[in-house]
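Be aware that the sequence shown starts at 53, since it is given in my numbering, and climbs by one per residue.
What follows is a single structure, written as structure tokens, with notes after it.
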Amino acid sequence: HKRQSKRMKAFGVTANVLGILIATAISLRGVKRRSLSKSGAATAWMVGYLSICCGSRGFVLLLFYQLGTMATKYKKEKKQKYDAAALESSMRGPSQVLACSFLAVLLSLIHVYYYGDERTIAHHATCLADTLASELGMLASSPPVLILPPFHSVPPGTNGGVTLWGTSWSLAGGFLIGLGTLLMDTISGISIHQPMKVLIYSSMCGLLGSFIDSVLGATVQASYYDSDSKQTYLGKRDSTDMPTSAKHITGKDILTNAQVNLVSVMIACILGGWYIGPYILS
């Protein structure tokens, strides 16, 4: 993209003022609506401030936050019947916030230092795709199937379980991040070349990131199922109130949910930025 406007210079006065105001508003709103713990809100404030200070594309973070929160809250009571972690996931702490933002902020700061702007499409596409797939895919009418052999049916909420409905939302999540990025570029006066390629790229990154997250969830993140309550539980690293009657169904208890999110985002950024991006956007 050729820069045609410096309407909001990275870490300029406008960026700093907007960063402070918007980060404060997001943090306070998160605490009020119980989507963020107090420590999670403090972390979210720093993430929001730095993201917006890095450039106009930092506002795409707001899109991810809003859509992710809406997906988490949607039919929460119904999801809690299947997944014991649904109640905990509605309020995010520092680890959850950083798992879905640390790498984006780091890459943005590095990019600003060398080039004066940021590029985090692959990161945000992966995060939103995974959030929508997890939160809305759980509501699919058909039971999920394990993403790896033997591809058998698993209870809703199982790590590594996928449905066609959830996969569709992965694609939609990536697409929405691409759309948000194009919108911010347009508002900022950035010349957009081949917008369809940007949408295809973001959609593919979302789908790829969600796939990676599911594979990791099926292998290095444990899932348990309690036939009495008919609920799924995360591994012992995540769950502190798992009943003794819960039986292990998939994965090794190696990584927590936040760690799986971070690793999947990292892999998606590497593949998206160094391989998929040059191939599609060139």
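Positions of the beta carbon are idealized from the N, C-alpha and C atoms, including for glycine.
No experiment lies behind these values; they were computed from the predicted model shown.
In the three-state DSSP reduction, K127 falls in the coil class, being neither helix nor strand. Assignment of beta-bridge partners to K299 by DSSP yields Y277. F116 has its alpha-carbon roughly 15 angstroms from the corresponding atom of C257. Closest option to G209, judged by alpha-carbon separation, among A224, S220, A192, G225: A192. Between L216 and A123, the C-beta gap is not smaller than 8 angstroms, which leaves the two residues out of contact.
The Cβ-Cβ distance between D182 and S87 does not fall below 8 angstroms. Here T172 really is in contact with S160; their C-beta atoms are around 6 angstroms apart, less than 8 angstroms.
The stretch 269-289 makes no contact with the stretch 230-237: fewer than 3 CB pairs, one atom from each, lie closer than 8 angstroms. For Y285, the beta-bridge partners assigned by DSSP are Y276. Under the three-state reduction of DSSP output, R144 falls in the strand class. A distance below 7 angstroms between beta-carbons, with the five flanking residues on each side excluded, links G120 to the following residues of its chain, in chain order: L180, T183.
Annotated as distal: T271 and L198, with beta-carbon spacing of 8 angstroms or more.
Between I322 and Y253, the C-beta gap is not smaller than 8 angstroms, which leaves the two residues out of contact. The Cβ-Cβ distance between H245 and A274 does not fall below 8 angstroms.
Taking a C-beta distance under 8 angstroms as the contact criterion, G107 and V164 qualify as a contact pair.
In this structure, S316 sits near T178, with a CB-CB distance shorter than 8 angstroms. For the pair R109 and M236, the CB atoms are nearer than the 8 angstroms cut-off. DSSP places L307 in no alpha helix (DSSP H); its state is neither H nor E.
When DSSP assignments are scanned along the stretch 166-217, the uninterrupted stretches of alpha helix (DSSP H) that are 4 or more residues long and fall wholly within it turn out to be 173-189. G261: member of the alpha helix (DSSP H) spanning 247-271, first to last residue. In terms of Cβ geometry, C105 and N313 do not form a close pair [threshold 8 angstroms].
By the CB criterion at 8 angstroms, M190 and K133 fall outside the cutoff.
Note that the C-beta distance between V250 and L234 is below 8 angstroms. Here L88 is bridged, per DSSP, to R144. Taking all protein chains shown into account, R85 has fewer than 16 neighbouring C-beta atoms within 10 Å of its C-beta and is therefore exposed.
Only residues of its own chain outside the window of five on either side were considered, and among them L88, G92 have a CB closer than 6 angstroms to the CB of R144, listed in chain order. Residue range 329-333 is occupied by the alpha helix (DSSP H) that includes Y331.
In the three-state DSSP reduction, D237 falls in the helix class (H, G or I). Ranking W97, L102, I264, A310 by CA distance to the CA of I162 puts L102 first.
Between H176 and L260, the CB-CB gap reaches or exceeds 8 angstroms.
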